[in-house]
Amino acid sequence: MVDGGAPEPSLIPHGQPPAYFTFAALSRLGVPHATTTRHCPGVLSFAEPISPANPSPPFRADAVTALARAGLDLARVAYAKQVHGAAVARVTGGGFAGIADGLVTTARGVPLAIFTADCLAIVLYDPAVPALGAVHVGWRGTVQGAAQAAVVALEALGARARHLHAAIAPSIGPCCYEVDEPVIGPLSAAYDGWQAWARPVGRDRFMLDLWAANETLLAHAGLDPARIENPRRCTACTEDLYSYRKGNRGRLATVAALP
Ligand SMILES: [Zn+2]
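Per the working numbering, residue 337 is the first one in the sequence shown, and the count goes up by one each step.
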């Protein structure tokens, strides 16, 4: 915060309407990155799934051009078929990385892409190695420990959890994410402290805060909470974004590369 001024916004829009957002914290660290909005053309939708049989790149020319402005070379992008699991793929270059919900690398300039429309995309960065990770985390990924798995995969590349910077991309917030037993059952079985993340709103119904859950889980994995940037921007509340729960079938791409 600047003395006497407004707090610095942690999520910065680019374009009018914005084609993508960037995180102030990752920009300060010099990490090229972006989270696209519904105004960014050329990001393939859920109707065009990535499949191992047909792993064509998930970006068309319009998106390649838009994200070049963010310093990202999508000709080298790495991406995976995401399955709401906790597998993490190490990538050394661009292209299809198989079935995984996390990607990690020490290769400079290789953008890691995660696709969401309510789930969290979390970027993890250790400037000392340097090493970079990106992970897709919905409620299933939270139950399975996808964010923690990405931290462990980065540690295997020489990163230290205490050195990691994390940024949580726009995703569904506790304002809009009502869940019931099919979600709360597995979550409560996985984590004793789950009540801290779920506000009761009726008989067996809760507003779930996956942001708080994953901030806590990342801290338990060894991250410094002060290095976890979370703008708490809700996909269902923000017109510029896509929300699967609201019936959108477009996808947001969160992309980051090692500088
Ligand atoms: Zn909301």
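We put the CB at the ideal spot given by N, CA and C, even for glycine. All figures in this text were calculated on a predicted structure; none of them were measured in a lab.
Q) Whose C-alpha, out of Ile450, Pro463, Ala525 and Leu523, is nearest the C-alpha of Ala505? A) Ile450
Q.
Pop quiz: Trp533 and Ala548 are said to be a contact at Cβ under 8 Å. What is the actual Cβ separation, rounded to whole angstroms?
A. 5 Å
**Q.** Residues sharing a beta bridge with Asn390, DSSP
**A.** Ser387
Q) Does the Cβ of Pro447 have 16 or more other Cβ atoms within 10 Å, making it buried, or fewer, making it exposed? A) buried
Q. What distance in whole Å lies between the Cβ atoms of Ala355 and Thr372, which are believed to be in contact at a cut-off of 8 Å?
A. 7 Å
Q | Contacts around Tyr580, its chain only, beta-carbon distance under 6 Å, and the 5 residues preceding and following it disregarded | A | Ala453 and Asp454
Q) Which runs of the beta strand (DSSP E) spanning at least 3 residues fall entirely within the segment 521-583, listed in chain order? A) 534-538 and 541-544
**Q.** DSSP three-state assignment for Ala423, whether helix, strand or coil
**A.** coil
Q: Would you check if there are 3 or more beta carbon pairs closer than 8 Å linking the segment 426-443 to the segment 516-533?
A: no
Q) Along the chain, which unbroken stretches of the beta strand (DSSP E) at least 3 residues long are found entirely within the segment 409-454? A) 414-417, 424-426, 431-435, 438-441 and 448-452
Q: Leaving aside the five residues before and after His350 along the sequence, list all residues of the same chain whose C-beta is less than 6 Å from its C-beta, in chain order.
A: Tyr356
Q | Enclosing beta strand (DSSP E) for Val479 [first to last residue] | A | Where Val479 is concerned, there is no enclosing beta strand (DSSP E), although the alpha helix (DSSP H) it sits in stretches over Trp475 to Gln480.
Q) Quick one: does the C-beta of Thr455 sit closer than 7 Å to a heavy atom of ligand 1? A) It is Cys, not Thr, that sits at residue 455 in the sequence shown. No, the beta carbon of Cys455 sits no closer than 7 Å to any heavy atom of ligand 1.
Q. Is any heavy atom in ligand 1 found nearer than 7 Å to the beta carbon of Gly583?
A. no
Q.
Checking 8 Å against the spacing of the C-beta atoms, do Asp398 and Gly378 come in under that value?
A. yes
Q. In whole angstroms, what separates the C-alpha of Ala433 from that of Ala425?
A. 7 Å
Q: Whole angstroms is fine: what's the gap from Asp540's alpha carbon to Gly521's?
A: 10 Å
Q: Flag this pair as yes or no: are the beta carbons of Leu460 and Ala502 separated by less than 8 Å?
A: yes
Q) For Gly474, is the beta carbon positioned less than 7 Å from some heavy atom of ligand 1? A) no
Q) Of the choices Ala525, Ala572, Val471 and Asp560, whose alpha-carbon is the least far from that of Pro510? A) Ala572
Q | By C-beta, the residues closer than 7 Å to any heavy atom of ligand 1, given in chain order | A | Ile508, Gly509, Cys511, Cys512, Cys570, Ala572 and Cys573
Q.
Using 8 Å as the threshold, is the C-beta distance between Ala495 and Val465 below it?
A. yes
Q) Does DSSP put Thr371 in a helix, in a strand, or in coil? A) strand
Q) To the nearest whole angstrom, what separates the beta carbons of Pro567 and Leu347, a pair I think is in contact under 8 Å? A) 4 Å
Q: Could you tell me whether the Cβ atoms of Leu554 and Val487 are closer together than 8 Å?
A: yes
Q) Tell me which same chain residues have a C-beta within less than 6 Å of the C-beta of Ala402, skipping the five on either side of it? A) Ala355 and Cys376
Q: Label Val419 either buried or exposed according to how many other C-beta atoms from any shown protein chain fall within 10 Å of its C-beta, with 16 as the threshold for buried.
A: exposed
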